[in-house]
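Scroll down for the structure; my scribbles are underneath it.
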Amino acid sequence: MSAQQDGRPLSGPPYPPPGAITGGVPTVSVDVPISAVFLALFIGSAVGHMTIFKVNMRRGHKFIMSALMFGFSMARVATMVMRIVWAARSTNIRVAIAAQIFTSAGIILMFIINLIFTQRILRAAHPHFGWHKAVSIGFKALYALIILMLIMVITTTVQSFYTLNRNTRRIDRNIQLTAASFLTFVCFLPLPLVILGVIVHRKTRLEKFGIGRWRTKVGILLASTALLTLGAGFRCGTAAMPLRGRNNPAWYNAKWCYYFFNFVIEAIVLYLYILVRVDRRFHVPNGSKRAGDYSGRNKQFDKHDSLHSEGWMETRIMSEEEVFDDEEFCDCEEGPLKDVER
1 MSAQQDGRPL SGPPYPPPGA ITGGVPTVSV DVPISAVFLA LFIGSAVGHM
51 TIFKVNMRRG HKFIMSALMF GFSMARVATM VMRIVWAARS TNIRVAIAAQ
101 IFTSAGIILM FIINLIFTQR ILRAAHPHFG WHKAVSIGFK ALYALIILML
151 IMVITTTVQS FYTLNRNTRR IDRNIQLTAA SFLTFVCFLP LPLVILGVIV
201 HRKTRLEKFG IGRWRTKVGI LLASTALLTL GAGFRCGTAA MPLRGRNNPA
251 WYNAKWCYYF FNFVIEAIVL YLYILVRVDR RFHVPNGSKR AGDYSGRNKQ
301 FDKHDSLHSE GWMETRIMSE EEVFDDEEFC DCEEGPLKDV ER
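Numbers 1 to 342, taken from UniProt numbering, label the letters of the sequence shown in order.
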């Protein structure tokens, strides 16, 4: 790219960013080693989630979220690769565009995964509400809006590099801020929904699914949502700040902010989901369509269902702690659960 004068490129497009960006322009001495570490971490995450997905599928245990987390890990692998390439070719604006798009795009998969987990928590705790048609439509609308916002972010990001028109860039920035605000809201949404689902008095028996304690499932989802919301809130907040000159960056433009609020948080969540085995904890029977399907009250499980064939959720008497969970939150006419739990 040719030299610049007074902050304006003498040739193009594409043009360099008009101001300071979070993480700055990567350098070989600093960003390549850091990106290489995260590259290894996300490759390990991709291998872990795909291994779990493949093993489960061979056992007839379908858990699509493992494949989605593999996809997100691979998106982050591509992000790190583009960051390294950008460091080696710091004047290549097209590489910078690709790097920024990969940084923004992949995270929506984690938002969708947490929304799916949230919906399962609501359906288990309040089946009449969680399985209501309006609620199901609402979640589907959220998924559609997430995809729409992603398309808007990618389109406006690319366009902003190919124009010097101030009005066009202003419109692009407003669209990006709108999308960032919505995605932050979507990322945060599981927190109030799950908390309300737990504290609101239940009139039906808790319909447990997967393995492990109910409270552990809730805690895992709340923790991961809080971490992802921290990252999304940082990105949204910094995007709304006044644009700073490239030679006068703010503290939030520092490299440590870029890596911590994006990739450190995401790596923690990805490996957390591997370690706690969300593929077992948040699994529900295939074809669940109404209240009672999660626990199998409506039909017998298929003999090939791995949760039974592998002994992960074999019929057993509920422990005293699990009975306490139901007694504490449920005021059912049937009284405490004394039958078997699936």
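The C-beta atom is built at its ideal place from N, Cα and C for all residues, glycine as well.
Apart from the five residues just before and just after residue i, which ones in its own chain have a Cβ nearer than 6 angstroms to its Cβ?
i: G23; result: K255, Y258
i: A267; result: L41
i: P26; result: R83, W86, A87
i: A78; result: F102
i: I175; result: M152, T156
i: F139; result: Q119
i: V81; result: none
Using 8 angstroms for Cβ pairs, my map puts residue i next to residue j. What's the rounded Cβ distance?
i: F129; j: L122; result: 7 angstroms
i: A98; j: L150; result: The Cβ separation is near 15 angstroms, so there is no contact.
i: F53; j: S66; result: 4 angstroms
i: A134; j: L177; result: Their Cβ separation, rounded to whole angstroms, is 30 angstroms, which puts A134 and L177 out of contact at 8 angstroms.
i: V284; j: F209; result: 5 angstroms
i: A20; j: R173; result: Actually they are not in contact, since the Cβ atoms of A20 and R173 sit about 14 angstroms apart, beyond 8 angstroms.
i: R281; j: K217; result: 5 angstroms
i: L68; j: L109; result: 5 angstroms
Between residue i and residue j, what straight-line distance do the alpha-carbon atoms span, to the nearest angstrom?
i: I34; j: T157; result: 25 angstroms
i: G212; j: V200; result: 22 angstroms
i: P14; j: N92; result: 9 angstroms
i: I64; j: N286; result: 11 angstroms
i: A36; j: L206; result: 45 angstroms
i: Y271; j: M57; result: 20 angstroms
i: T265; j: A75; result: The displayed chain sequence assigns Ile, not Thr, to residue 265. Cα to Cα, the separation comes out at about 15 angstroms.
i: N167; j: P18; result: 14 angstroms
i: S288; j: Y294; result: 6 angstroms
i: L142; j: T163; result: 31 angstroms
i: I43; j: H49; result: 10 angstroms
i: V32; j: R94; result: 18 angstroms
i: Y252; j: H132; result: 43 angstroms
i: I147; j: R215; result: 31 angstroms
i: S29; j: Q159; result: 31 angstroms
i: A144; j: C236; result: 20 angstroms
i: L243; j: T204; result: 53 angstroms
i: residue 345; j: G219; result: Shown here, the chain extends from 1 to 342; a query on residue 345 therefore has no answer.
i: L193; j: I171; result: 33 angstroms
Can you tell me whether residue i is buried or exposed, with buried defined as 16 or more other CB within 10 angstroms of its CB?
i: L275; result: exposed
i: R290; result: exposed
i: M241; result: exposed
i: A180; result: buried
i: V47; result: exposed
i: T51; result: exposed
i: D302; result: Caution is warranted here: a pLDDT of 45 is assigned to D302, below 50, making its placement in the model unreliable, and the coordinate value is therefore given only provisionally. It counts as exposed.
i: I107; result: buried
Note down, in chain order, each residue of its chain lying with its Cβ closer than 7 angstroms to the Cβ of residue i, except the 5 sequence neighbours on either side.
i: A232; result: L183, T184, C187
i: N262; result: T103, G231
i: G197; result: I121, L122, A125, H126
i: S73; result: F42, S45, A46, H49, L270
Determine whether the Cβ of residue i lies closer than 8 angstroms to any Cβ atom of chain C.
i: H201; result: Of the chains in the structure shown, none is chain C; there is only one protein chain.
Report all residues from its chain with a CB closer than 8 angstroms to the CB of residue i; omit the five preceding and five following residues, and keep chain order.
i: P190; result: N114, L115, F117, T118, L221, L222, T225
i: F234; result: Y252, C257, F261
i: I154; result: I101, S104, A105
ask   = Going along the chain, which unbroken runs of the beta strand (DSSP E) with 3 or more residues stay wholly within the segment 269–293?
value = Listed in chain order, there is nothing to give.
task = Scan the segment 118–146 and note each continuous alpha helix (DSSP H) run of 4 residues or more that stays entirely inside, going in chain order.
result = Here the runs fully enclosed are 127–130.
task = Please specify which runs of the alpha helix (DSSP H), each continuous and at least 4 residues long, are wholly inside the segment 152–230, giving them in chain order.
result = 166–188, 190–199
Whole alpha helix (DSSP H) elements within the segment 25–77, 4-residue minimum = 31–58
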